[in-house]
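Chains as they are written, first to last, in this note's numbering: chain A, 47 to 695; chain B, 17 to 337. Following: one structure in structure tokens, then a few remarks.
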Amino acid sequence: MDSQKQAIKGAKVLMVGAGGIGCELLKTLALSGFEDIHIIDMDTIEVSNLNRQFLFRQWHVGQSKAKVAREAVLKFRPHINITPYHANVKDPEFNIDFFKQFNVVLNGLDNLDARRHVNRICLAANVPLVESGTTGFLGQVTVHVKSKTECYECQPKPTPKTYPVCTITSTPSKFVHCIVWAKDLLFAKLFGDKNQENDLNVRSGDAASSSEHTEDVFERRLNEDPEQYGQRIYDHVFGYNIDAALANEETWRNRNRPKPIYIKDVMPDKPQQQNGNLDDNSVNGNSTVSAMPSLGLKNPQNIWSLLENTRIFLESLKLFLVKREKEIGNLTFDKDDQLAVEFVTAAANIRAASFGIPMQSLFEAKGIAGNIVHAVATTNAITAGLIVIEAIKILQSDATNYRMTYIVEHPLRKMLLMPVEPFEPNKSCYVCSETPLSLEINTNRSKLRDFVEKIVKNKLGMHSPSIMHGTSLIYEVGDDLEEDFANNYALNLEKFLSELPSPVTSGTVLTVEDFQQELSCSIYIKHREEFDEEKEPDGMLLTGWTPAPSNDDTRPISNGESSSNASKQLPGTQEDSDEISAVAADKEIALTGSKRKQSEISDVDGEVAISACTSGIKGSNQKPEEVDDNGDDDVVMLDENPCKKKRLQ
Amino acid sequence: MDGEELTAQETALYDRQIRVWGVDAQRRLSKSHILVSGMNGTVAEFCKNIVLAGVGSLTLMDDRLVTEEDLLANFLIRPDEKEFGGRSLAEFCCDSLREFNPMVRVSVEKGDLASFDGEFFDKFDAVVVARCSLAIKKVINAKCRKRSKGTQIAFYAVDCRDSCGEIFVDLQNYTYAQNSPDDCLLKYPSFEEAITVPWRTLPKRTTKLYFAMRVIESFEQAEGRNPGETSLADLPRVLVLRKELCEAQSLNESQIPVGLLERLLAGTREYPPVCAILGGILGQEVIKAISGKGDPLKNFFLFDVVDGKGVIEDISNPTET
Ligand SMILES: [Zn+2]
């Protein structure tokens, strides 16, 4: 115990994230005797954090999480050193040398992107990482030590869910499709950057003609009354556009035909007289502008009628025009912007009504639109305890006892906390081993831009990539590029791969590097003419980055790799459905006692979702196998782990 | 819907957890009253969790004065405060907890819980005791069970020693909704009933920590010690007791390893990561019991850092379940 105390006292640790897990972690580290703790978090405190981020108070709202967390912990441990950074962990100041000063890095992050970034820097700096995640009552803590255990990315993580454009613009079948339409298309069109590409008026079949016709529909005419403008938009998007789409019989052959909705159908009387009075809204800040009170709607759990949704739509649109005129053109959807949530809820509901999809409450709509993850204090506290336990083992180099631990909702083999031996590094992991990847792509029809966006950024998670073909640099990101280089790269982006100055064709090997992450990988290019729109929506297929040879093609990788359709995709909306399936899987475990779908929790707390990743466990009838319960060092083993494993050292 | 809606303030504050357990559960939580006795680090964690969750009220009991020892695992006490004489541990903790959530009424009750008459307990939906001897656990548990007001009083006992911990749960007759069409009824034994279940009738794989805790508990009772008043010097006599108990119960002594007993005897201080884990599990269980959502654990939870498992043991007479 004394050696343990010494190890803790002398340790320098880096915490990334001061949110739900972070607050608990900082407290438990301080109580456990850690005296030198650095903490990075770019976020500021919000009201919805206060139910679990217990170091924060109402009066801290708007302040830096890292800084307030430090002050709160110093009150009960005044003599320890806590160094806060109110900054993004991806900032260049947090480079490999910065990371090298720490004995261990502890993650309490809320998004995949930052997790991948920290994983790579820890590998490059050779600093052990303890990773964690929670959602609802589920949690997970894992240990990543270079060349001893698998890295965070040894099992591919599902990338954000995207939807085929035509599902969103023309043929929604789920409420989430209506939310994406309302948020990413309609809201963006009306209040966002006018220069952004927007598919609002694109409909399958007659995209060209309609976009010409409607180009200026969304422009508010000179001196146009805000209410008239609102009604005109309403009739256009819920009425005219639907009527126009109905004209294309082909689309509706196997689908339910939507119903156009015009103002006059919903509000036969003059709408303006029924709407609330603007003056009722005593306004003192954006977050307080709201359409609900003036219409007598209070409970966010209630599902509004079509009439109520119509009123909220018109009222919130008017409030944007009248009260927040200056922001129009620069707005992006924010789940903490009440008026934006009201507008998106109403628009999504009216569209849902049109397509025969059940409407939802503002509370539910906000959860979907904001990718809000379920979070409670207790799971975060337990997770923090488990992180500290693993961190202490790392400080004592107690490698044989490293564990990854799952916190489950329903007992599994009598356990609520289930430790598992860490897996060995995946030899085909492009991040921690130098395995080349291969990419099937149509080199004549894919632009360099597609490759950069869909593969290098989205799939490989690089932020400042450079792309080499042999010795010639075909693309590079950086602030200090010379002008003619930058121009050249910009030109290259718009070229098809086969038409680049050094053409990329079948057999080409590209080297893609990110200097900040000190990550480099080779990609073999294989030309392929056709792609399946449903299964390969990117129009390209990256392989080589698989957990291990497997003849089971139902592996979830394919879900993560390709979950949407069409050559164009809508970015952004990451659905909570992964999370739900994780919870469902957990229930299944409890019910059958033998079914196990491991829920890998990758994102938490405010941002997004979990992925039901089966890190090592697949199929329906595997179960963790316990190794001799009589030994004192017994651990749960998972059989059929593709990265055949085990016992470290 | 029973008519009362959450306020806008509650909806905003509890947004993320309402997404976990729903509005009805949140409403039930906000009407619940919890009593805790014995303010150690584990209980501090528990209190933080349920105050954040938004229970109606929390009553704290612990008249002792703050010592250096209390600061080790309890983040509710500020070191500079211990100079202020005359205030009890519960009073210090109360001040901190109030700040966590202004919507929860946190208060202090003075006196010795075991000597309170039964009516006092009627105010509460759940009672949690810590740093509590075997005899006192039995007494308080029995008082909770005797009350027959409309709803039953849930009883929890929690212990943290070295890097091990144990939670005992008594929900009496507890009905909750499951996925199946029928509600599920769980019958819990009292603490006294549970610990007198013959060891030889328990499954072979019953966690060793369960037996070890019973040995230590019996030892403290036999010696008239307060909980945690032990040291390695007690080992020889504890081993004698282990032998007696194992013989009486037909259990192989190897089921209660010496090394584990040593840790429990010597490690009288709480281990903060284990406090966080136990306080988290206990918080979750109390939230489940009050909200009626989720299957509660029955009836022991045991955690040991050495193997890292958080195990549920059902220790009850088969005939009674
Ligand atoms: Zn790897």
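Every residue, glycine too, gets a C-beta built ideally from N, C-alpha and C.
In this chain, the alpha helix (DSSP H) harbouring Ala423(A) covers 423-441. The beta strand (DSSP E) runs lying completely inside the segment 440-504 of chain A and spanning 3 residues or more are 450-458, 461-466, 483-487, given in chain order.
Secondary structure of Thr334(A) (DSSP, three-state): helix. Within the model, the alpha-carbon separation for Asn426(A) versus Val59(B) is close to 16 Å. Of the heavy atoms belonging to ligand 1, none sits nearer than 7 Å to the Cβ of Val290(B). Distances taken from the Cβ of Asn172(A) to the heavy atoms of ligand 1 include none shorter than 7 Å. Listed by position in the chain, the residues whose beta carbon lies within less than 6 Å of some heavy atom of ligand 1 are Glu196(A), Cys197(A), Glu199(A), Cys200(A), Pro471(A), Asn472(A), Cys475(A), Val477(A), Cys478(A).
Boundaries of the beta strand (DSSP E) harbouring Arg177(B): 170-177, taken from the DSSP string. If one requires a minimum length of 3 residues, the beta strand (DSSP E) runs lying completely within the segment 46-86 of chain B are 49-53, 73-77, in chain order. Taken through DSSP and simplified to helix, strand or coil, Cys109(B) comes out as helix. Ranked by Cα distance from Gly524(A), the first of Lys372(A), Ser518(A), Ile513(A) is Ile513(A). One alpha carbon belongs to Leu352(A), the other to Thr27(B), and they sit about 24 Å apart. With fewer than 16 other beta carbons inside 10 angstroms of its own, Lys146(A) counts as exposed. With the criterion set as a beta carbon lying under 7 Å from some beta carbon of chain B, the members of the segment 71-100 of chain A are Lys73, Thr74, Leu77, Ser78, Val93, Ser94, Leu96, Asn97, Arg98, Phe100, in sequence order.
By the C-beta criterion, the segment 489-499 of chain A is judged not to be in contact with the segment 212-230 of chain A, since fewer than 3 inter-stretch pairs fall below 8 Å.
Pro583(A) sits buried, since 16 or more C-beta atoms from the chains shown fall within 10 Å of its C-beta. Ranked by Cα distance from Phe227(B), the options Pro205(B), Leu201(B), Gly181(B) are led by Gly181(B). Per DSSP, the beta bridge partners of Phe184(B) are Ala173(B), Phe316(B). The beta-carbon of Val422(A) is placed less than 8 Å from the nearest beta-carbon of chain B. Secondary structure remark: continuous beta strand (DSSP E) runs of at least 3 residues inside the segment 547-583 of chain A, in chain order: 555-560, 565-573.
Boundaries of the alpha helix (DSSP H) harbouring Pro272(A): 272-280, taken from the DSSP string. At a cut-off of 8 Å, the C-beta of Asn65(B) has a neighbouring C-beta in chain A.
At a cut-off of 8 Å, the C-beta of Val321(B) has a neighbouring C-beta in chain A. A contact is defined here as three or more CB-CB pairs under 8 Å, and the segment 47-64 of chain B fails this definition with respect to the segment 360-378 of chain A. Leu158(A) is positioned such that its CB atom lies no closer than 8 Å to that of Lys111(A). Chain B places a beta carbon closer than 8 Å to that of Ile428(A), counting this residue as a contact.
Relative to the Cα of Thr223(B), the nearest Cα in the group Ile279(A), Lys194(A), Met461(A), Pro272(A) belongs to Met461(A).
Per the coordinates, the alpha-carbon of Ile349(A) lies some 9 Å from the alpha-carbon of Phe409(A). Residues of the segment 298-329 of chain B with a Cβ closer than 8 Å to any Cβ of chain A, in chain order: Gly299, Gln300, Ile303, Gly310, Asp311, Leu313, Phe317, Phe319, Val321, Val322, Asp323, Gly324, Lys325, Gly326, Val327, Ile328, Glu329. Per the C-alpha coordinates, the member of Cys110(B), Phe184(B), Gln271(B), Ala249(B) positioned closest to Arg258(B) is Gln271(B).
Beta-bridge partners of His515(A) (DSSP): Ser518(A), Leu556(A).
Remark: C-beta atoms of Ala89(B) and Cys291(B) approach each other more closely than 8 Å.
Secondary structure at Pro214(B): coil, using DSSP grouped into helix, strand and coil. Contacts with chain A at 8 Å (Cβ-Cβ) do not include Ile156(B).
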